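Take 1213 as the starting number for the sequence shown in the working numbering and just add one per residue. Each residue gets a CB set at the ideal place from its N, CA and C atoms; glycine is no exception. Given the structure is predicted, the values throughout are model-derived calculations rather than measurements.
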Amino acid sequence: MFPSDETVAATPPRKPEAKPGISPDSGNTSRKARFRRWLWRKTPYIFVFMLLLVLSALFLWYRIVIVIEPGKTGVLFRLFTGTQIDYAYPEGLHVISPLNTMYIYETRKQIALHDFDVLTAKGLTVRVSLAVRYQLDKDRLGLLHQKIGPDYLVRVILPQAESVMRKELGGYTAEDIYTNKEGLLTNAILLAQEEVGRNFVQVDEIIIRSITLPEKIKSAIEDKLTQEELLKSYEFRLQTAGQEAERQRIEAEGLRVYNETVDKSLTDKILTYQGISATQNLSKSDNAKVVVIGAGKNGLPLILNTQ
């Protein structure tokens, strides 16, 4: 007879019998042991990988997190689109893609010193020392980076200023340059400022710090200038003396003419009238006096001061 379905359903399933000497957890233990052995063998590789990961993170951190200090401005170069010319990054913290590069420029006023030689019209060498005070234009900083680059000082500012000064001063003699004849140095500086300012840079001022000539030429020019000043001083003294003599001559001539005019106009009646008027004025004063009537010449009173 076969058991019924109810009997089969009521019968609990049998548990697999464990083999003698083998634990149920022995499989898990063996897997853990194999994993430990594998981990131990791979430890050097894992260490190297983690070290590379940390170094990569540090490297990318400085490429991703950009700090622009006060007085500076950043220009972003994108790997796929090139230089961003329509925006300049202000000071502060910025986060960019590690594929891009941020170029930082100093945008405060700066001074660059530059010395160069100029060959004059007569073949003499003159040493000119310049000081250029300039400032980068933030609005055109992207174009400056794209067209010229970070080496703008040695590529544009100093070479162009030197070129203009050479061209303008080369047509004059050393004496003309040393004495700034007809304001030639001022004209050269203005032209240099205008030329440099066309290249995305604002030039505030170009100053000539010094002009150095050969010692013999310098001494000769200074001696010549000294003699010219002495000559001018002597000519000035002569001119002054001549003017003084002319003044005295005119004054003497005026006195002579005056005396002649007075002599012609004075008559005895006029002198008598003037004497009477003077006597009346004196007699009215508060000073004590003695008046002798008719004692003077021509019968005029004689006034004696009793004090």
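Residues near residue i by beta carbon distance below 8 Å, same chain, minus five either side
i: Gly1409; result: Val1415
i: Leu1355; result: Ile1297, Phe1412
i: Asp1349; result: Leu1356, Phe1412, Val1413, Gln1414
i: Ile1234; result: With a pLDDT of only 48 at Ile1234, under 50, the local geometry of the prediction cannot be trusted, and the value read off the model is given with reservation. Correct list: empty, nothing qualifies.
i: Met1262; result: none
i: Gly1383; result: Ala1333
i: Pro1282; result: Glu1303
Secondary structure of residue i, DSSP reduced to three states
i: Gly1233; result: Confidence at Gly1233 is low in this model, with a pLDDT of 49, below 50, so the placement of that residue should be treated as unreliable; the coordinate-derived value is given next. The answer is coil: DSSP assigns Gly1233 none of H, G, I, E or B.
i: Tyr1384; result: coil
i: Gly1294; result: strand
i: Thr1473; result: helix
i: Asp1349; result: coil
i: Thr1332; result: coil
i: Tyr1299; result: coil
i: Thr1337; result: strand
i: Ile1278; result: strand
i: Gly1304; result: strand
i: Leu1325; result: strand
i: Leu1311; result: coil
i: Gly1361; result: coil
i: Lys1244; result: helix
Residue i versus residue j - alpha carbon distance
i: Leu1467; j: Thr1484; result: 24 Å
i: Gln1451; j: Val1344; result: 45 Å
i: Ala1269; j: Ile1258; result: 16 Å
i: Gly1251; j: Ile1278; result: The sequence as given places Leu at residue 1251; Gly does not occur at that position. C-alpha separation (whole angstroms): 39 Å.
i: Leu1396; j: Glu1440; result: 21 Å
i: Thr1332; j: Leu1305; result: 53 Å
i: Ala1490; j: Glu1465; result: 30 Å
i: Ala1404; j: Ala1300; result: 28 Å
i: Thr1294; j: Arg1367; result: Just to set this straight, residue 1294 is Gly in the shown sequence, not Thr. Spanning the two alpha carbons is a distance of roughly 21 Å.
i: Ala1453; j: Lys1436; result: 26 Å
i: Tyr1446; j: Ala1324; result: 45 Å
i: Lys1428; j: Met1377; result: 24 Å
i: Gln1358; j: Glu1394; result: 41 Å
i: Ala1457; j: Phe1448; result: 14 Å
i: Leu1336; j: Leu1381; result: 12 Å
i: Lys1244; j: Leu1267; result: 32 Å
i: Leu1353; j: Pro1362; result: 10 Å
i: Arg1246; j: Lys1254; result: 12 Å
i: Thr1319; j: Glu1303; result: 11 Å
i: Glu1463; j: Lys1444; result: 28 Å
i: Gly1487; j: Gln1455; result: 41 Å
i: Asn1493; j: Gln1460; result: 36 Å
i: Phe1292; j: Ile1360; result: 20 Å
i: Val1260; j: Asp1351; result: 47 Å
i: Lys1379; j: Asn1392; result: 15 Å
i: Ser1180; j: Leu1265; result: Residue 1180 lies beyond the range of the chain shown here (1213 to 1519); nothing can be said about it.
i: Glu1523; j: Leu1442; result: This structure gives no information on residue 1523, because the portion of the chain shown stretches from 1213 to 1519.
i: Asp1475; j: Lys1496; result: 30 Å
i: Arg1339; j: Thr1398; result: 17 Å
Own chain residues within Cβ distance below 6 Å of residue i, not counting five before or after
i: Ser1341; result: Asp1327, Arg1421, Ser1422
i: Lys1321; result: Gln1347
i: Pro1310; result: Leu1272, Arg1275, Ile1276
i: Glu1374; result: Phe1328
i: Glu1407; result: Gln1372, Val1376
i: Thr1313; result: Phe1289
i: Lys1334; result: Thr1385
Residues of its chain near residue i, where Cβ-Cβ distance is below 7 Å and the 5 sequence neighbours each way are ignored
i: Val1608; result: Because the chain here runs from 1213 to 1519, residue 1608 falls outside it and cannot be looked at.
i: Leu1316; result: As written in the sequence, residue 1316 is Ile, which differs from the Leu given in the question. These residues qualify, in order along the chain: Ile1280, Lys1284, Gly1286.
i: Ile1418; result: Leu1342, Val1344, Ala1373, Ile1401, Ala1404, Gln1405
i: Ile1369; result: Ala1324, Val1344, Tyr1346, Val1408, Val1413
i: Leu1365; result: Ala1324
i: Thr1438; result: none
Residues that residue i bridges to, as DSSP identifies them
i: Lys1284; result: Glu1318
i: Phe1259; result: Answer is none; Phe1259 lacks a bridge partner.
i: Val1344; result: Ala1324, Ile1418
i: Phe1289; result: Thr1295, Thr1313
Which residue spans inside the segment 1364–1429 form an unbroken alpha helix (DSSP H) run of at least 4? Within the segment 1364–1429, the runs of alpha helix (DSSP H) at least 4 residues long that lie entirely inside it are, in chain order, 1370–1381, 1386–1391, 1396–1408.
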